[in-house]
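Down below is the structure, laid out as C-alpha cells.
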Amino acid sequence: MYAVNGQDALKSQAGARTLDPAAPVEKFGAPLVVMDSASSINWASPASTVLFTGAQLQWTTQSDLHMAAAFTVSSVSAEATGLYTHEGGVQAFAGNGPVSLQAHTGQLEILADKEVTVISVNDCIEIKASKKIVLQAGQSSVTLDGGDITFACPGNFSVKGGKHVLDGGASAAANFYGLSNARVNLPTNPLRYSQQINIAGMLENDPEPAGAHYEIWTKGSDARLLARGTVSADALSERIFTDTAEDIEIIVGENEWGRYVHRVDLDDEEVDDAYMDEE
C-alpha cells in the first residue's frame, strides 16, 4: 500500500476513526484519471486545450450539450460520421451564408419515409446535372438527357394549358373636326368713309360749345347737307358717312352764324392736321 499525501491508503475500523490495516482502500486495476464532482466542474484555459485518447472517447450528458466556437467548428472522421436524434429532428441553419451538402466520389441522397419539401422563399430553385436528370414518382418519370426530354408512364399522358384568346386587329375611321375658316369675309358693298368732328378744338372764343347748332356740308358747287344737330356735352358731332374721300365744311353758331371750314382728309383713320379757316 502507498501513502497518499502522507496518509495510509486504509479504511477506518467500524464505529471508530482508527485505521484498519486489514482493510485497504479499493483502487483501479489500471492507471486512470477520474474527475467527479457533486456540483459543477469548470474546465477553462486562456490558451489551447487538447483532449486526446488512443482508443474511444465517449461524451454523455443527461441534459443539453452546447458546443460553441467564435470562428469555425470542424468535425472530421476517417470513415463515417453519423448524426442521430431520437425525437425533434435534425436542423441546419446558416444565418448569413449558404448551406452546402457535398458528396465528392459517391452519391448524395435525401431520403424520407414520407414527403420531401423544398421551398425557396425569395428566389428560385435550380436542379442541374452535367448529363441527366430523372424525376420519378411511382411508375411515371420525366427524363432530361442532353437535348432530349422523355415522358414515361403506364397510363394516359395529358398536357393542359390555359386558353388565351387573341382577338383580331380592328380598324375605325378617324373623325376629325373641320378646320376653321380663316378667310376674311369682306362685305359685298365697299367700305364707306366716316368722320366725327371734335368741335371744342375749333372754337377758341367759345369755351362751352355744348348746345350750339351745327351743319355739316360737302364742299364744291354741288354741296349737299350731310348732317345737322346740336353739339353734345363732349363737344362731338354725330358721325357722318360718305362713299368717297371728300372735303367737308362745318358751320357752328348761335343767333348770328359764323362760317368755319374744317378740312379733313378722310383717307386717314384719325385727323392729324385739322385746321379751320374763318371766312
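Numbering (UniProt numbering), first residue to last: 1 to 279.
Ideal Cβ placement from N, Cα and C applies to all residues, glycine included.
query                                                                                                                                                                                                : result
Helix, strand or coil for residue 257, going by three-state DSSP, please let me know.                                                                                                                : At residue 257 the pLDDT is 49, less than 50, meaning the model places this residue with poor confidence and gives no usable figure here.
May I ask you to report which of helix, strand or coil DSSP gives residue 275?                                                                                                                       : Per-residue confidence for residue 275 stands at a pLDDT of 36, beneath the threshold of 50, marking its modelled position as unreliable; the derived number appears in the next sentence. Three-state DSSP puts residue 275 in coil, outside helix and strand.
Name the one or two DSSP bridge partners that residue 132 has.                                                                                                                                       : 145
On the CB-based measure, 16 or more other CB atoms within 10 Å of its CB, does residue 221 come out buried or exposed?                                                                               : exposed
Need the endpoints of the beta strand (DSSP E) that residue 192 sits in, please.                                                                                                                     : Element bounds for residue 192: n/a, residue is neither H nor E.
I want to know whether the segment 191-199 touches the segment 235-254 - three or more CB-CB distances under 8 angstroms.                                                                            : yes
Would you report the Cα separation of residue 93 and residue 160, rounded to the nearest angstrom?                                                                                                   : 39 angstroms
Distance check for residue 27 and residue 17, CA to CA, integer angstroms please.                                                                                                                    : 21 angstroms
From the DSSP output, read off the bridge partner residues of residue 31.                                                                                                                            : DSSP, once it has assigned bridges, lists no residue as partnering residue 31.
For the UniProt domain "DUF2345" (23-170), which segments carrying the beta strand (DSSP E) assignment without a break, of at least 3 residues, lie completely within its bounds, in sequence order? : 132-137, 140-145, 148-152
Between residue 25 and residue 97, what straight-line distance do the alpha-carbon atoms span, to the nearest angstrom?                                                                              : 57 angstroms
Are residue 180 and residue 210 touching if we call contact CB-CB under 8 angstroms?                                                                                                                 : no
In this structure, what does DSSP give as the bridge partners for residue 230?                                                                                                                       : 213
Tell me which residues share the same chain as residue 257 and place their Cβ nearer than 7 angstroms to its Cβ, disregarding the 5 neighbours each side in the sequence.                            : The predicted model places residue 257 with a pLDDT of 49, which falls under 50 and marks its position as unreliable; any figure quoted below should be read in that light. Answer for residue 257: 251, listed in chain order.
Beta strand (DSSP E) containing residue 12: first to last residue?                                                                                                                                   : 10-12
Put residue 18 into one of helix, strand or coil per three-state DSSP.                                                                                                                               : coil
What residue does the beta strand (DSSP E) around residue 242 start on, and which one ends it?                                                                                                       : 240-242
Taking its Cβ as the centre, do 16 or more other Cβ atoms sit within 10 Å of residue 84, making it buried, or is it exposed?                                                                         : exposed
Compare the Cα-Cα distances from residue 137 to each of 167, 129, 72, 152 and report the closest residue.                                                                                            : 152
What separation, rounded to the nearest whole angstrom, lies between the Cα atoms of residue 132 and residue 147?                                                                                    : 10 angstroms
Report the rounded CA-to-CA distance for residue 156 versus residue 122, giving the unit in angstroms.                                                                                               : 35 angstroms
Relative to the alpha-carbon of residue 112, which residue among 103, 89, 119 has its alpha-carbon at the smallest distance?                                                                         : 89
Assuming the contact rule is C-beta atoms closer than 8 angstroms, residue 253 and residue 212 should be a hit. Round their C-beta distance to whole Å, please.                                      : 7 angstroms
Is the distance from the Cβ of residue 141 to the Cβ of residue 134 below 8 angstroms?                                                                                                               : yes
Out of curiosity, what's the CA-to-CA distance linking residue 176 and residue 225?                                                                                                                  : 56 angstroms
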